[in-house]
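What follows is one structure encoded as structure tokens, with my remarks underneath.
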Amino acid sequence: MEEFYGAEAPQEVEVQPPEVVSTKGCGSSLPSRVEKALKLKNKPMRQCKKCQEWGHHDSRNCDKFKEKEKMRSRRITDV
Ligand SMILES: [Zn+2]
Numbered sequence: 001m002e003e004f005y006g007a008e009a010p011q012e013v014e015v016q017p018p019e020v021v022s023t024k025g026c027g028s029s030l031p032s033r034v035e036k037a038l039k040l041k042n043k044p045m046r047q048c049k050k051c052q053e054w055g056h057h058d059s060r061n062c063d064k065f066k067e068k069e070k071m072r073s074r075r076i077t078d079v
């Protein structure tokens with residue numbers, strides 16, 4: 001019989017205390033750029049159906065798709 005393993009321990013990342021004793025005025029937490037990168041890292045990759053690329057976008061916000069849309073609307077206004 002297959003064993004059901006739902007008892008996986010959650011991996012805990014280092015948690016910073018809410019109140020960091022910052023001294024030198026620039027007491028901001030992680031730069032948003034780093035936070036974003038971390039989020040992307042944790043995100044599973046998905047394959048875009050428009051360009052067949054593996055990444056963090058999908059067919060709705062695919063660059064190639066956007067380009068196509070642009071061209072189309074341009075053509076329409078052209079005619
Ligand atoms: Zn794409």
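So the sequence shown is numbered by UniProt numbering: it starts at 1 and just counts up by one. In this text, a Cβ means the ideal position worked out from N, Cα and C, and glycines have one as well.
* Asked: Between the beta-carbon of His57 and the beta-carbon of Leu40, is there less than 7 Å?
  -> One thing to note: His57 has its Cβ no nearer than 7 Å to the Cβ of Leu40.
Indicate whether Lys49 and Ser59 have their beta-carbon atoms separated by less than 7 Å.
For Lys49 and Ser59, yes; Cβs fall inside 7 Å.
**Item:** Sequence-distant residues of the same chain with beta carbon closer than 8 Å to Gln16, five excluded per side
**Value:** Closer than 8 Å at the Cβ level, and outside the excluded window around Gln16, lie Ser29.
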